[in-house]
Each structure stands twice: as C-alpha cells, then as structure tokens.
Amino acid sequence: MTEKEQQQILEEWISQHKALILKIVKVYAFTSMDKEDLFQEILIQVWHSIPSFRHASAVTTWLYRISLNTAIKWTKKEQKHKQSEALENAQYVLQESGLPIDDRLSWLYEEIHKLDEIDRSIALLVLEGCNYKEMAVILGISESNVGVKINRIKKILITKSKNYDDNGI
Amino acid sequence: MEFEELQQIWDSQNDRPLYVIDQKALHNRIQTKMKRAGNITNFSELLLILVNLSAASFVLAINVFSQSLNIYMYLMVAWMFGTALYLLARRMQRIKGNTRFDRSMLGDLNYAISLATYQVRLSQLMRWNILPIGALSIFGVLSGEKPIWVAGIILIFFVVAYFASNWEHGIYESRKRELKILQDKLKNEISQGPSMS
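For the protein sequence lines, the chains are A and B, in the order given.
Just so we're aligned, residue 0 is where the first sequence starts under numbering that gives the first Met the number 0, counting upward by one.
Just so we're aligned, residue 0 is where the second sequence starts under numbering that gives the first Met the number 0, counting upward by one.
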C-alpha cells in the first residue's frame, strides 16, 4: 500500500466516522489541549493501522478498537506527563462548532469521565448501541464478562441521573 | 432517568456536531508527529547492534594493524561480535512475533506488555554486558603495560555506564508495571463480579 492510498483511506474514514472518534476524545480528555493531543494521537494510530486492516471486521469496529486502545494508553501516559508536549503554540485541529450544548449531555460526559478508563470505553460503547458481541470483539473479553460490566455501569449512571433529576447536579 | 433516556440524550449529539476539523492543520500535525514519533525499541536495538559492531571492528583493526597479541582484546572483539549477532537474532524474532496479537484492547495490551518485557530483558542484558566488556578492557589495558591510571579511568567509565543503564532499566520496568496493572484490571475486575465502585 502506498502512502498516498493510506492517506486517502484515512481521509475517507475521518469524513465518515469523525463523530465516533470525537466522542471517544470527549470521554477521555477534558481540556481543549488534551482533546487536541488525544485526537491527533488517535489519528496517528489509525493511520498506522490502515495497512493491517483486512476487512475481517466493520470499519467502525476497527476504529473503536484502535481509538479506545489509544485513549486508554494516552490516559495512563497523560496522568504522568501532564505537560509532556507543548501544545500552546500548536496549530489547532479541533474547533468548537459554536452550537449550544445540551446541559444533560455535558452532565453525561462528566459522569462517564468519572469512571475508570476501561469502564469509560464500555459506557461509550453501550450508549453507542453496540451489542455484546461487538463489544467483546472490540475489548477482547468474553460476552458474559461484558454483560457483567454493562449492568454495573448502567446502575451507576441511572443512580447518578436520579440525583441529577432531583437536584440538578 | 432510565437508561433509554440517557441513550436519547447521548444520541442527540449525532445531529449536532460539537466540533469541526481543520483538515489542513490536521494533515500538518499528523505529518509532524509521525516524523517525531521514533520507535524506542527499534532505535535502541539498531543503536546497540551498530555500537557493538563498530567497537568490535575498531578494536580488531587496532589489534591487527599493531600486530598486538593481547588475548583480552581479541576476546572482547569476539564478545562484542557475539552480542551484535545475538541482538540481531532477537530483533528478527521480535519482528516475526509482532503479528500474533489481535487488535482487540486485550490483544493490544498483550502486545504492549510483550514489547515492554522485551525492552526490560534487553536493558538488563546490556547492563550485565557491561561487566565482561569492562573487565576485558581493564585486563587488556593492564596486560598492555599501560599506566594504572588509564585502567582507573576505564573502571570509572564502566561504573558510570552501569548506573546509567540501571536507571534506564528502571524506566522500562515501571512502564511494564503500569501496563500489567491495566491488563489485570481488564482481566480480573470483571471476573470479580458486580460492585458499585
């Protein structure tokens, strides 16, 4: 595969699936600079992964795998090296669209962000509507284990949402 | 709220993109990052092979041209060529083994751990490798009837190199530990059943 072909596939994947990547970025990174850094890190890993994509799974499944793996590893790295790279002078890739954001959605992102790095990926996949089988493939664990995790995360989110309904927090 | 309501809130963002992507800036950043991102394992392997080959060739050339019969120097040459050969074999083995991991989260973690284990072993090996090379160098200098202070300087150099390599080894070990924690979390936490942590 030539570099040009690889670049074309990357551009195609970004235009079709950018929402998927941006949701993962928003779940794992909090500040604008972190979002920039993680977004770029994910795209680099996706770019590297293109030659090994064999169409054995859907593009979305592949992108979830690569993006979530990168995000989890990035979180670990980020905890240690908060200021590892100066992004202050970097050219910004992500720009806020300026559309008003639903408060409940911001609250939901905050609650997911409070979960540990692995639970965050499961919460995201559940909300994205992935089934047990897809999640097992993406995470590399058994469907029954996925089920246990999902139940726990759903309980946490529902309990927290009751507080939000009652107190607006 | 029930979970279905949470899902509706989540889905509401699908029709309202919160970010736009500057394609040109993105392309520039990826190119810059990719150029910068060096593979540490790859680099250290190639560097070690090159250093061992060059040092062995250099010492061999000096010994041959000066018609020296210093056995320690020839032993050191053989040792360094052997090390380079061993590193080359391990590198080929590592590259060949890269394909056995799937691209799931666990597969990716297993791959990262195997790479970290490899780095830990490599740095440990190189740390212990300082001892025979150091010893052979000092014996070589002493049997070549050089002043004792030359041997002293060489000894200090190898002691510093040993501690520096110990520090490097610690970095790889800590990286591997972090990955193992993450792997255990993914493997074991689930099997312990539901909890509200």
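In this text, a Cβ means the ideal position worked out from N, Cα and C, and glycines have one as well.
Listed by chain order, chain B residues near A/A57 by CB distance under 9 Å: Locating residue 57 of chain A in the first sequence gives position 58, counting from the first residue. Under the 9 Å cutoff, chain B gives no residues; its nearest Cβ is about 13 Å from A/A57.
Exercise for the section: Please report how far the alpha carbon of B/F156 lies from the alpha carbon of B/L45, in whole angstroms. Expected result: Against the second sequence, residue 156 of chain B aligns to sequence position 157. Against the second sequence, residue 45 of chain B aligns to sequence position 46. Between B/F156 and B/L45, the C-alpha separation is close to 23 Å.
Closer than 7 Å, Cβ to Cβ, to anything on chain B: give me those residues from the segment 20 to 37 of chain A, in chain order. L21
#### Entry: Beta-carbon proximity of A/K139 to B/G106, cut-off 9 Å
Locating residue 139 of chain A in the first sequence gives position 140, where the first residue counts as 1. Locating residue 106 of chain B in the second sequence gives position 107, where the first residue counts as 1. It is Gly, not Lys, that sits at residue 139 of chain A in the sequence shown. Yes, these two residues count as a Cβ contact at 9 Å.
Item checked: Host alpha helix (DSSP H) of B/A203 (start-end) -> Within the shown structure, residues of chain B are numbered from 0 to 196, placing residue 203 of chain B beyond reach of any answer.
In angstroms with no decimal places, state the Cα-to-Cα distance between B/Y227 and B/V119. Absent from the model: residue 227 of chain B. The displayed extent of chain B is 0 to 196, so no value can be given.
Proximity winner among A/N150, A/A55, A/T59, relative to A/K17 (alpha-carbon distances): In the first sequence, residue 17 of chain A corresponds to position 18, counting from 1. The shortest Cα separation from A/K17 among A/N150, A/A55, A/T59 belongs to A/T59.
message = Judging by CA-CA distance, which residue of B/L86, B/Q123, B/L114 is the nearest neighbour of B/G96?
response = Numbered from 1 along the second sequence, position 97 holds the residue referred to as residue 96 of chain B. Measuring from the Cα of B/G96, the nearest candidate turns out to be B/L114.
Open item on the list: With distance defined between alpha-carbon atoms, name the residue in A/A135, A/K132, A/I8, A/I20 nearest to A/T69.
Closed with: Against the first sequence, residue 69 of chain A aligns to sequence position 70. Nearest C-alpha to A/T69: A/I20.
Shorter than 9 Å from the beta carbon of A/Y163 to some beta carbon of chain B? As a working note, residue 163 of chain A is residue 164 in the first sequence. It does; some Cβ of chain B falls within 9 Å.
Q) Quick one: what's got a C-beta closer than 8 Å to A/I152's C-beta in the same chain, skipping five residues either side? A) Position 153 of the first sequence, counted from the start, is the residue given in the question as residue 152 of chain A. Hits under 8 Å: L114, D118, I121, A122, V125.
Checklist entry - Nearest-angstrom Cα distance between A/S160 and A/K3? => result Against the first sequence, residue 160 of chain A aligns to sequence position 161. Against the first sequence, residue 3 of chain A aligns to sequence position 4. Their Cα atoms are separated by approximately 47 Å.
| task | Check each candidate in A/M134, A/Y131, A/Q7, A/Y108 and name the one with the smallest Cα separation from A/P50. | result | Here residue 50 of chain A is taken as the residue at index 51 of the first sequence, counted from 1. Ranking the options by Cα distance to A/P50, first place goes to A/Q7.
Reference A/L93, options B/H168, B/N128, B/A24, closest by Cα:
Counted from its first residue, the first sequence places residue 93 of chain A at position 94. Nearest option by C-alpha distance: B/A24.
As a quick exercise: from B/E144, B/G133, B/A111, pick the residue whose alpha carbon is nearest that of B/K179. In the second sequence, residue 179 of chain B corresponds to position 180, counting from 1. Selected option, being the one with the closest Cα: B/A111.
By the criterion of Cβ-Cβ separation under 7 Å, what are the contact partners of A/S160 in chain B? Mapped onto the first sequence, residue 160 of chain A falls at position 161. Chain B residues near A/S160: M0, L5.
| message | Does B/V140 pass the burial test, meaning 16 or more other C-beta atoms within 10 Å, or should it be called exposed? | response | For this step, residue 140 of chain B is matched to residue 141 along the second sequence. Classification of B/V140: buried, given that the 10 Å Cβ count is 16 or more.
Pair every Cβ in the segment 62 to 70 of chain B with every Cβ in the segment 84 to 94 of chain B, then say whether three or more of these pairs are closer than 8 Å. no
Problem - For B/L68, three-class secondary structure by DSSP - result: Indexing the second sequence from 1 puts residue 68 of chain B at position 69. Coil, per DSSP.
Using 9 Å as the threshold, is the C-beta distance between B/H168 and B/S136 below it?
Numbered from its first residue, the second sequence carries residue 168 of chain B at position 169. Numbered from its first residue, the second sequence carries residue 136 of chain B at position 137. No, the pair does not count as a contact, with Cβ atoms beyond the cut-off.
Self-check item: Pick from A/W12, A/Y108, A/N144 that is closest to A/A57, judged by C-alpha positions
Solution: Here the question's residue 57 of chain A lines up with position 58 in the first sequence. Out of A/W12, A/Y108, A/N144, A/W12 has the C-alpha closest to the C-alpha of A/A57.
Subject >> Range of the contiguous alpha helix (DSSP H) that encloses A/L37 >> reply: Numbered from 1 along the first sequence, position 38 holds the residue referred to as residue 37 of chain A. Counting along the chain, the alpha helix (DSSP H) containing A/L37 begins and ends at 31 to 48.
Checklist entry - What is the DSSP secondary structure of B/Q124, counted as helix, strand or coil? => result Stepping through the second sequence from its first residue, residue 124 of chain B is reached at position 125. Here the sequence assigns Leu to residue 124 of chain B, which means Gln is not the residue at that position. If DSSP states are grouped into helix, strand and coil, B/L124 belongs with the helices.
- prompt: So what does DSSP say about A/H54, is it helix, strand or coil?
  reply: Along the first sequence, one-based indexing puts residue 54 of chain A at 55. Coil, per DSSP.
*Proximal residues to B/A55 (C-beta, below 6 Å), its chain only, five neighbours per side dropped*: Here residue 55 of chain B refers to the residue found at position 56 of the second sequence. Closer than 6 Å at the Cβ level, and outside the excluded window around B/A55, lie V76, M79, F80.
request  = Examine chain A for any beta-carbon lying closer than 9 Å to the beta-carbon of B/K179, and answer yes or no.
outcome  = Within the second sequence, the letter at position 180 stands for residue 179 of chain B. It does not: the Cβ of B/K179 has no partner Cβ on chain A nearer than 9 Å.
Task: Three-state secondary structure (DSSP) of B/D14 - done: As a position in the second sequence, residue 14 of chain B is number 15, starting the count at 1. B/D14 falls in the helix class under three-state DSSP.
Going straight from the alpha carbon of A/D74 to that of A/D33, what length do you get?
-> The sequence position of residue 74 of chain A within the first sequence is 75, counting from 1. The sequence position of residue 33 of chain A within the first sequence is 34, counting from 1. For the sequence presented, residue 74 of chain A should be read as Thr rather than Asp. In a straight line, the C-alpha of A/T74 is about 10 Å away from that of A/D33.
Open item on the list: Please report whether the beta-carbon of B/I39 lies at a distance below 9 Å from any beta-carbon of chain A.
Closed with: To locate residue 39 of chain B, count along the second sequence from 1; it is residue 40. No, because no Cβ of chain A sits closer than 9 Å to the Cβ of B/I39.
Integer Cβ distance of B/M72 from B/V63, believed to fall under 8 Å: Counting from one through the second sequence, the residue named residue 72 of chain B turns up at place 73. Counting from one through the second sequence, the residue named residue 63 of chain B turns up at place 64. B/M72 to B/V63, Cβ: 10 Å. No contact.
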